[in-house]
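One structure is given below, encoded as C-alpha cells.
2 protein chains.
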Amino acid sequence: MKKSEDPRLVATRNTALDAAIEILRMEGVLAVTHGAVSAKTGVSRSTLYRHWPDIVQLRNDAFKRAATPPKIAAKTNGPLHADLSWMLGILMSALNETQWGQIAPQVMAAAATDDDAKLVINDFMSERMATVRAVFEAANQRGELAEGAPIEGLIETAISVPYFRKIIAGLPLDHEWLEGHVDMICALALKK
Amino acid sequence: MKKSEDPRLVATRNTALDAAIEILRMEGVLAVTHGAVSAKTGVSRSTLYRHWPDIVQLRNDAFKRAATPPKIAAKTNGPLHADLSWMLGILMSALNETQWGQIAPQVMAAAATDDDAKLVINDFMSERMATVRAVFEAANQRGELAEGAPIEGLIETAISVPYFRKIIAGLPLDHEWLEGHVDMICALALKK
DNA sequence: CCCCTTATAGAACATTTTGTTGCGAATCCT
DNA sequence: AGGATTCGCAACAAAATGTTCTATAAGGGG
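Those protein sequences? They're chains A and B, same order as listed.
Just so it is clear: in the first sequence, position 55 is 55 by the numbering used here, and no numbers are missing.
Offset between the second sequence (1-based) and the numbering used here: plus 192.
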C-alpha cells in the first residue's frame, strides 16, 4: 500500500546532498548555497529551491547525511584495555579518515545558532557514548573494575580527549597517542 | 617617534568589531557581513570596506578580539587538588559566561577552512595548556605527584573534558561536575 | 502499451546583497 | 590655521538570491 518514492526525487536529493557535503568539506558552510550545488551537479536551481525552500534545511540535511556513522558492533569480550583500544581506534579512524571528522566542526558551529544541527550532534554523540559505556559495563560485569571507579567520568574522558585533539586543538591522532590514552584510563579503572 | 593613531580609526574599528562579535554570537559567522555590521553600527559600508576589503579579514579580527582571554595568574601554591579546582573553575566560568564560550565553536568551524582562524585557536589553546601545565609542574616540584604519572595526558584531560562538554556535547558545566573531574585527575596524579 | 501525473531544466524576471567609486564635509595632527 | 586623512553618502555596477512559467521528459497505474 505504500506508494514507492519517485526515483527522480531520491536521485536529485542524493546527488544534491553529496555535492553539498563536498562543498561543506572543502569550503565550509558559507559556500553551501543553492547556486553552488546547482553549478556542481547540473541540477537546476529551481529544482533545488523546490526541494529545499530554505538553505538552512539543505545544510541540515547535508549534516545529517554526513553524520550517519558506520554502525560499529561494540567489542565487549574483554579485557578492558583491549576493548577500549579497539573502540577508540575506530573512533580515531573515523575522525581521521571519514567525512565526519572534517564536517563535525561545521556542525558544532551551526549548532550554536540552530537547534536542528544540535540534534544531529546529540544523536551522534549519545550513540558513541552508549557504545563506550557498554564496554565499561561489560568490564564491570567481569569484575575487572576497581572499587568506586568513576565510570561516567572515564567514559567522558575516553571520548573527550580524541575529539578535543582533533577538532578543537588540531592535534594529530595516532596509535602511539592512543596507547597512552588507553593506558591512562585503565590505570584509573582497573583493580590494582 | 611613533605616530599616534587617528582616534577615528580606532573608534570605527572598535565599534565595528564589537558589532561583529555580537552578530557572531547571535546569528553565526554567516551573518557577519559588511552590510550587517553597517546596519548595526551606523558606520557606512564604504568605510567598512576600506578597513576590511575582505570579509574574511573582518571575521578573523572579530575572532581575535573575542578570543582575547582575561589574563589569569596561575595559582601554583598547592595542593594540586586546590590549584586545579581554582584553574578549571576559571576556565569553566569563561566557557559559561564570556563571549569565548559562545564564539569558540564558530572559530573552530572557520579553522577548518581558514588558517588564520586556526592560529587564533592555537594561540588561545597553547596559552591555556601552559597555565595548567604550570600547575602540574609546581605540584611535581613539591613532590606531590605519583611516580610515572602521565602528566601530559592529564593536562590534556583536564582541559579536554570541559571543552568537550560545553562545545561539542552541549552538556552543562557546574561545580558538582567540576569536583568529580578534579577528583578523577588527582586520583591518577597523586601519590597514594 | 497508453494516459495521466509528477519532476525537471531552462529562461525570464524581480529583489536583494555585495563591491566600487567620487566627492564634500568633518575631524585630526602639527 | 593649514594640510592631510577619514568619514558618510549617493550613485553605481556586478553578482547572488529567490520566484514563476512553460515545454519536456520520466515515472506509474491501469
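Cβ atoms here follow ideal geometry from the backbone N, Cα and C, with glycine treated the same way.
All values derive from a computational prediction rather than experimental measurement.
Nearest-angstrom Cα separation, counted from residue j out to residue i
| i | j | result |
| --- | --- | --- |
| leucine 287 of chain B | threonine 157 of chain A | 18 Å |
| alanine 208 of chain B | glutamate 127 of chain A | 42 Å |
| valine 248 of chain B | aspartate 315 of chain B | 19 Å |
| alanine 200 of chain A | asparagine 269 of chain B | Since the first residue of chain A shown is 1 and the last is 192, residue 200 of chain A is not available in this structure. |
| aspartate 6 of chain A | histidine 51 of chain A | 13 Å |
| phenylalanine 356 of chain B | methionine 125 of chain A | 11 Å |
| methionine 193 of chain B | leucine 201 of chain B | Its pLDDT being 46, under 50, methionine 193 of chain B is placed unreliably by the model, and the measurement read from it follows with that caveat. Cα to Cα, methionine 193 of chain B sits roughly 19 Å from leucine 201 of chain B. |
| alanine 62 of chain A | tyrosine 49 of chain A | 15 Å |
| glutamate 179 of chain A | serine 85 of chain A | 7 Å |
| asparagine 14 of chain A | glycine 42 of chain A | 13 Å |
| aspartate 375 of chain B | serine 238 of chain B | 55 Å |
| leucine 222 of chain B | serine 38 of chain A | 20 Å |
| methionine 284 of chain B | glycine 143 of chain A | 35 Å |
| aspartate 83 of chain A | isoleucine 90 of chain A | 11 Å |
| arginine 358 of chain B | isoleucine 185 of chain A | A small fix is needed here, since residue 358 of chain B is lysine in this sequence, not arginine. Spanning the two alpha carbons is a distance of roughly 21 Å. |
| valine 161 of chain A | proline 354 of chain B | 10 Å |
| leucine 24 of chain A | leucine 365 of chain B | 30 Å |
| histidine 226 of chain B | aspartate 210 of chain B | 13 Å |
| isoleucine 168 of chain A | tryptophan 177 of chain A | 16 Å |
| threonine 12 of chain A | alanine 36 of chain A | 15 Å |
| glutamine 106 of chain A | proline 297 of chain B | 8 Å |
| alanine 187 of chain A | isoleucine 159 of chain A | 16 Å |
| aspartate 307 of chain B | glutamine 294 of chain B | 20 Å |
| glutamate 339 of chain B | alanine 130 of chain A | 33 Å |
| histidine 273 of chain B | aspartate 246 of chain B | 47 Å |
| valine 224 of chain B | serine 44 of chain A | 28 Å |
| alanine 134 of chain A | lysine 40 of chain A | 42 Å |
| methionine 26 of chain A | leucine 337 of chain B | 45 Å |
Integer-rounded CB distance, given that residue j should sit under 8 Å from residue i
| i | j | result |
| --- | --- | --- |
| alanine 259 of chain B | valine 324 of chain B | Not a contact, Cβ separation roughly 18 Å. |
| methionine 108 of chain A | alanine 303 of chain B | That belief does not hold up - the Cβ atoms of methionine 108 of chain A and alanine 303 of chain B are roughly 11 Å apart, past 8 Å. |
| leucine 88 of chain A | histidine 175 of chain A | With a Cβ gap of about 10 Å, leucine 88 of chain A and histidine 175 of chain A do not count as contacting. |
| isoleucine 213 of chain B | arginine 257 of chain B | 6 Å |
| threonine 305 of chain B | glycine 170 of chain A | The Cβ separation is near 13 Å, so there is no contact. |
| alanine 189 of chain A | alanine 149 of chain A | 5 Å |
Backbone secondary structure at residue i - three-state DSSP
| i | result |
| --- | --- |
| leucine 95 of chain A | helix |
| leucine 155 of chain B | Shown here, chain B extends from 193 to 384; a query on residue 155 of chain B therefore has no answer. |
| leucine 84 of chain A | helix |
| leucine 201 of chain B | helix |
| leucine 58 of chain A | helix |
| leucine 173 of chain A | coil |
| valine 327 of chain B | helix |
| aspartate 306 of chain B | coil |
| threonine 68 of chain A | coil |
| glycine 89 of chain A | helix |
| threonine 225 of chain B | coil |
| valine 235 of chain B | coil |
| proline 105 of chain A | helix |
| asparagine 77 of chain A | coil |
| glycine 180 of chain A | helix |
| methionine 1 of chain A | Only weak support is given to the placement of methionine 1 of chain A: the predicted model assigns it a pLDDT of 46, under 50, and the question is left unresolved by the model. |
| glycine 345 of chain B | helix |
| proline 354 of chain B | helix |
| tryptophan 244 of chain B | coil |
Counterpart residues of residue i in DSSP-defined beta bridges
| i | result |
| --- | --- |
| leucine 145 of chain A | A:Leu190 |
Inspect the CB distances between the region 279 to 293 of chain B and the region 329 to 347 of chain B and report whether three or more fall short of 8 Å. As far as the Cβ criterion goes, the region 279 to 293 of chain B does not touch the region 329 to 347 of chain B, which means the pair count is below three.
Counting pairs of beta carbons, one from the region 75 to 90 of chain A and one from the region 129 to 144 of chain A, are three or more of them closer than 8 Å? Taking a cut-off of 8 Å for Cβ pairs, the region 75 to 90 of chain A and the region 129 to 144 of chain A touch, as three or more such pairs fall below it.
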